[in-house]
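Working notes, beginning with the structure itself.
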Amino acid sequence: MGRKGQFFSIDVFVAIAIIGIGLFVLYSTKTVQPSDSQTISLSSDLMKNFNSHKVKDIDNAFIITLIQNGTIQNSDNTLLQQISEFYVYGQNDTASNLTQSVTEGILPFQYAFALYVNGSLVYQSRAQDPQTPNLIVTKRIVYGVKNSTAFWGPFLAEVRVWR
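Numbering (the working numbering), first residue to last: 1224 to 1386.
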């Protein structure tokens, strides 16, 4: 009779040990979910910079060249207005080059962004992984005037930032 009690006691201790080890392993592994807060900040800051800085206030060799050769006719436009104006009038390469020129080195290496105007891709810093968990989009309405006579827009401009 003593052997049966001893067997069941050992069996209970083994079961408790297995359950304890299982719970320890379960709770010690952490699932890491990337934080969206920095991606949200980068997306809104990029859009704010595009939407608030005027072309004439930017010290950039490419912009100065575009102003001097007459490609940019209204230096009071914001960056977003100027990029969108290039898009509206079919100067997509100039819009892309301007976006690249003013954003070079702004984002940390692990982040990338794309600028869309009216649903069309204007510039993308690198290819987007379709499985990215941290895609944040900031949108603004953009419109403007060309040569003080022709109105264009409104269009929806989007900045998409991902990790």
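The beta carbon of each residue, even a glycine, is placed where N, CA and C say it ideally should be.
Exercise. Going by other Cβ atoms of all chains shown within 10 Å of its Cβ, with 16 needed for buried, is N1370 buried or exposed?
Worked result: To locate residue 1370, count along the sequence shown from 1; it is residue 147. Exposed, by the Cβ-count rule.
Problem set entry | Spatial distance of L1379 from Q1304 (CA atoms) | Looking up residue 1379 in the sequence shown gives position 156. Looking up residue 1304 in the sequence shown gives position 81. If I take the Cα positions, the gap works out to 11 Å.
For this session: Tell me the start and end of each unbroken alpha helix (DSSP H) in the stretch 1278-1343 that is at least 4 residues and wholly inside, in chain order.
Result: Taken in chain order, the whole alpha helix (DSSP H) runs of length 4 or more contained in the stretch 1278-1343 are 1284-1291, 1302-1311, 1315-1326.
For this session: Keeping to the same chain, check which residues put their C-beta closer than 6 Å to that of Y1339; ignore five residues upstream and five downstream.
Result: Within the sequence shown, the letter at position 116 stands for residue 1339. Non-local beta-carbon contacts of Y1339 in its own chain, meaning distances under 6 Å to residues more than five positions away in sequence, involve E1381 in chain order.
For this session: Give the straight-line distance between the Cα atoms of G1342 and K1253, rounded to the nearest whole angstrom.
Result: Along the sequence shown, one-based indexing puts residue 1342 at 119. Along the sequence shown, one-based indexing puts residue 1253 at 30. K1253 has its alpha-carbon roughly 39 Å from the corresponding atom of G1342.
For this session: Identify whether A1373 lies in helix, strand or coil by the three-state DSSP scheme.
Result: As a first step, residue 1373 must be located in the sequence shown, where it is residue number 150. Correct three-state label for A1373: strand.
Exercise. Which value, in whole angstroms, describes the spacing of the CA atoms of I1244 and A1238?
Worked result: As a first step, residue 1244 is located in the sequence shown; it is residue number 21 there, counting from the start. As a first step, residue 1238 is located in the sequence shown; it is residue number 15 there, counting from the start. In a straight line, the C-alpha of I1244 is about 10 Å away from that of A1238.
Exercise. Which class does T1262 belong to by DSSP, given the choice of helix, strand or coil?
Worked result: Here the question's residue 1262 lines up with position 39 in the sequence shown. In this structure, T1262 counts as helix in the three-state DSSP scheme.
For this session: Indicate whether the contact test is met: 3 or more Cβ pairs, each with one atom in the stretch 1278-1286 and one in the stretch 1319-1329, closer than 8 Å.
Result: Segments in contact, yes.
Exercise. Under the three-state reduction of DSSP, which class applies to K1253: helix, strand or coil?
Worked result: On the sequence shown, residue 1253 is found 30 positions in, with the first residue counted as 1. In the structure shown, K1253 sits in coil (DSSP, three-state: anything other than H, G, I, E or B).
Problem set entry | Sub-8 Å separation of Q1333 and R1383 beta-carbons | Sequence index remark: in the sequence shown, residue 1333 carries index 110 (1-based). Sequence index remark: in the sequence shown, residue 1383 carries index 160 (1-based). No; because the gap between Cβ atoms is not below 8 Å, this pair is not in contact.
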